[in-house]
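Going by my numbering, the sequence shown opens with residue 352, and the numbers climb by one from there.
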Amino acid sequence: MINYNYIKQRLKAKGFKLSEVAKLLGVQYQTLNKNLHAGSLETVKKISDATGLHFMELLTPPEGYMHSDDPMTNEWSGVIKK
């Protein structure tokens, strides 16, 4: 599921702001914001490609699960049970 606030939170945790991501994608902030609020998987894929973050990392994990980041590198290591 695409959750605007969750994507924004994950990007922030990885050191990105939506305005910076918009520049990486070559679009205006408002366009990126609109596409994310509309639930565009294509936009999430583009964000993943532009930032180097795993596509699944930007999606809300299922109930009872959470994303796991390597504490040494801050790289995504998968989805684990809480």
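No residue lacks a Cβ here, since even glycine has one placed at the ideal position from N, Cα and C.
If you count every other CB in all the chains shown that lies within 10 Å of the CB of E393, and 16 or more means buried, which is it?
Classification of E393: exposed, given that the 10 Å Cβ count is below 16.
What three-state label does DSSP hand M421 in the structure shown?
Just to set this straight, residue 421 is Asp in the shown sequence, not Met. Looking at D421 - three-state DSSP - the assignment turns out to be coil, as it is neither helix nor strand.
Between F367 and N356, what straight-line distance do the alpha-carbon atoms span, to the nearest angstrom?
Near 14 Å, if we compare the C-alpha coordinates of N356 and F367.
Beta-carbon within less than 6 Å of S370's beta-carbon, same chain only, minus the 5 sequence neighbours each way: which residues are those?
The residues are Y380.
Taking the straight line between their C-alpha atoms, what separation do you get for L409 and M352?
In a straight line, the C-alpha of L409 is about 10 Å away from that of M352.
Let's test the definition: count the other Cβ atoms within 10 Å of the Cβ of T402 and tell me whether it reaches 16, buried, or not, exposed.
Buried, because 16 or more other Cβ atoms sit within 10 Å of the Cβ of T402.
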